[in-house]
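> Dropping the structure in here first, questions after.
Residue numbers (my numbering): 188 to 262.
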């Protein structure tokens, strides 16, 4: 859970294979070291950082490369 100018407040969740990043959060609901499971609320969407309105910046990172979520998730 950190802040970077462009994506504002963000959280990175790591598992064995990938990291997921959630940015522009208005409120962080977990802290570093917390264990999270699918369905847990981790943050509230906001417009911190360089944003023109409330939204979520979401990234999937595998082997230090950002992957387009459309390639690995069903919508």
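Note that CB positions come from ideal geometry on N, CA and C, so glycine has one too.
Keep in mind it's a predicted model, so treat the numbers as computed, not measured.
#1: Residue 208 to residue 262, Cα distance in whole Å?
#2: Only counting the same chain, and skipping five residues up and downstream in sequence, which positions put a Cβ closer than 7 Å to that of residue 205?
#3: Round the Cβ separation of residue 215 and residue 230 to the nearest angstrom and send it over; I've been treating them as touching at under 8 Å.
#4: Mapping DSSP to helix, strand and coil, what is residue 231?
#5: Can you tell me whether DSSP reads residue 224 as helix, strand or coil?
Put simply:
#1: When only Cα atoms are considered, residue 208 and residue 262 end up about 18 Å apart.
#2: Result list for residue 205: 247, 248, 249, in chain order.
#3: Indeed they touch by this definition, with Cβ atoms about 5 Å apart.
#4: Looking at residue 231 - three-state DSSP - the assignment turns out to be strand.
#5: The answer is coil: DSSP assigns residue 224 none of H, G, I, E or B.
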